[in-house]
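Peer 1:
Residue numbers (full-length UniProt numbering): 1 to 260.
Shown next as structure tokens:
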């Protein structure tokens, strides 16, 4: 019996404004992503890939359509319920990191555990957080403030924060964008391991090597899914995915001003 996908979207649309001035970030997207799947969403700047990632992560809400993640209609949730859902379900790697400047690296990671509702004491939370920072190569910088870290190091703290809660879903917006090749490969390997352990990982990326290593690659143009690649085979969706269609094998804080 086929398992219910972790993520299921139908006619998913995100629009800002109305009439002639309306901007479409995501345009009637249908997709399905399975448990433990590692998916890369790619496309040119302005294609809507970051907008789609923000919707899946529950940090933005669609204008219309339905979005079910882990059996819950997150498109219908109020902000307070959505915040609680994010805390227990999803780990997010923001493109601009969103680290709290007054907290050390280990405290930034520990805060994610605290907000997830994990019933462990602070000492254990800090221990787990330090272990996760070691896993991303920052074991010697756990007590540094974000201002004392390079951009690449801040990005690795953000990845550690997303993973430490062992969420069912990780949404990572350009997780290797500020890293050199060696560090990027280390983070990609870590995310791949999480997927192998059953976590669904959705990466928004311009990195061709990272995208090629995913289980599936989803291409976007002008807010629509136009292509997905699985098992080394390119499948072009032509015409573009139509409203109501549901290809079950395909599928950052976001400013509300347009697609990214």
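Every residue, glycine too, gets a C-beta built ideally from N, C-alpha and C.
Measuring CB to CB, does residue 32 end up less than 9 Å from residue 5?
Peer 2: Closer than 9 Å, so yes.
Peer 1: Using the three-state DSSP reduction, which class does residue 76 fall into: helix, strand or coil?
Peer 2: Three-state DSSP puts residue 76 in a helix.
Peer 1: For a quick check, are the C-beta atoms of residue 3 and residue 65 less than 9 Å apart?
Peer 2: Against a cut-off of 9 Å, the Cβ pair of residue 65 and residue 3 comes out as no contact.
Peer 1: From which residue to which residue does the beta strand (DSSP E) around residue 10 run?
Peer 2: That run of the beta strand (DSSP E) goes 7-16.
Peer 1: Judging by CA-CA distance, which residue of 28, 143 and 135 is the nearest neighbour of residue 156?
Peer 2: Checking every option, the nearest Cα to that of residue 156 belongs to 135.
Peer 1: By how many angstroms is the C-alpha of residue 36 removed from the C-alpha of residue 197?
Peer 2: Spanning the two alpha carbons is a distance of roughly 7 Å.
Peer 1: Between 102, 228, 223 and 55, which has its C-alpha nearest residue 44's C-alpha?
Peer 2: Among 102, 228, 223 and 55, the Cα nearest to that of residue 44 is on 223.
Peer 1: I need the straight-line Cα distance from residue 60 to residue 54, nearest angstrom please.
Peer 2: Those two C-alpha atoms are separated by around 5 Å.
Peer 1: Give the DSSP-derived three-state secondary structure of residue 149 in the structure shown.
Peer 2: Coil.
Peer 1: Skipping 5 residues on each side, what residues in its chain have a beta carbon closer than 7 Å to that of residue 141?
Peer 2: Excluding residues within five positions, the ones whose Cβ falls inside 7 Å are 105, 149 and 153.
Peer 1: Can you round the beta-carbon distance between residue 89 and residue 169 to whole angstroms, since I take them to be within the 8 Å contact cut?
Peer 2: That belief holds up - the Cβ atoms of residue 89 and residue 169 are roughly 6 Å apart, short of 8 Å.
Peer 1: Buried or exposed: residue 205, going by 16 or more other Cβ atoms within 10 Å of its Cβ?
Peer 2: Buried: at least 16 other Cβ atoms inside 10 Å.
Peer 1: Rounded to a whole number of angstroms, what is the C-alpha to C-alpha distance between residue 167 and residue 190?
Peer 2: For residue 167 and residue 190, the distance between alpha carbons rounds to 14 Å.
Peer 1: Using the C-alpha atoms, what's the distance from residue 217 back to residue 87?
Peer 2: Residue 87 and residue 217: Cα-Cα distance of roughly 27 Å.
Peer 1: Which residue's Cα is closest to the Cα of residue 107: 40, 145 and 67?
Peer 2: Minimum Cα distance to residue 107 is reached at 145.
Peer 1: Out of 21, 8, 20 and 18, point me to the one whose CA is closest to residue 29's CA.
Peer 2: Checked all of 21, 8, 20 and 18; the closest Cα to residue 29 is 8.
Peer 1: Flag this pair as yes or no: are the beta carbons of residue 92 and residue 173 separated by less than 9 Å?
Peer 2: Going by C-beta atoms, residue 92 is nearer than 9 Å to residue 173.
Peer 1: Please name the residue in 163, 52, 147 and 100 whose C-alpha comes closest to that of residue 128.
Peer 2: Here the closest residue by C-alpha is 163.
Peer 1: Among the residues of its own chain, which have a CB less than 6 Å from the CB of residue 160, if the five just before and after it don't count?
Peer 2: The residues are 109, 132, 133 and 136.
Peer 1: Going by DSSP in three states, residue 214 sits in which element: helix, strand or coil?
Peer 2: The answer is coil: DSSP assigns residue 214 none of H, G, I, E or B.
Peer 1: Can you tell me where the beta strand (DSSP E) holding residue 92 begins and where it ends?
Peer 2: Looking at the DSSP string, the run of the beta strand (DSSP E) that includes residue 92 is 90-93.
Peer 1: Would DSSP call residue 32 helix, strand or coil?
Peer 2: Three-state DSSP puts residue 32 in a strand.
Peer 1: Grab the span of the beta strand (DSSP E) containing residue 226 for me, first residue to last.
Peer 2: Unbroken beta strand (DSSP E) run through residue 226: 224-230.
Peer 1: So, residue 192 versus residue 201, is the Cβ gap smaller than 9 Å?
Peer 2: In contact: residue 192 and residue 201 (Cβ atoms closer than 9 Å).
Peer 1: Please go through the same chain and pick out, in chain order, the residues whose beta-carbon is closer than 8 Å to the beta-carbon of residue 18, but skip the five residues on each side of it.
Peer 2: Answer for residue 18: no residue qualifies.
Peer 1: With distance defined between alpha-carbon atoms, name the residue in 84, 139 and 123 nearest to residue 115.
Peer 2: The shortest Cα separation from residue 115 among 84, 139 and 123 belongs to 84.
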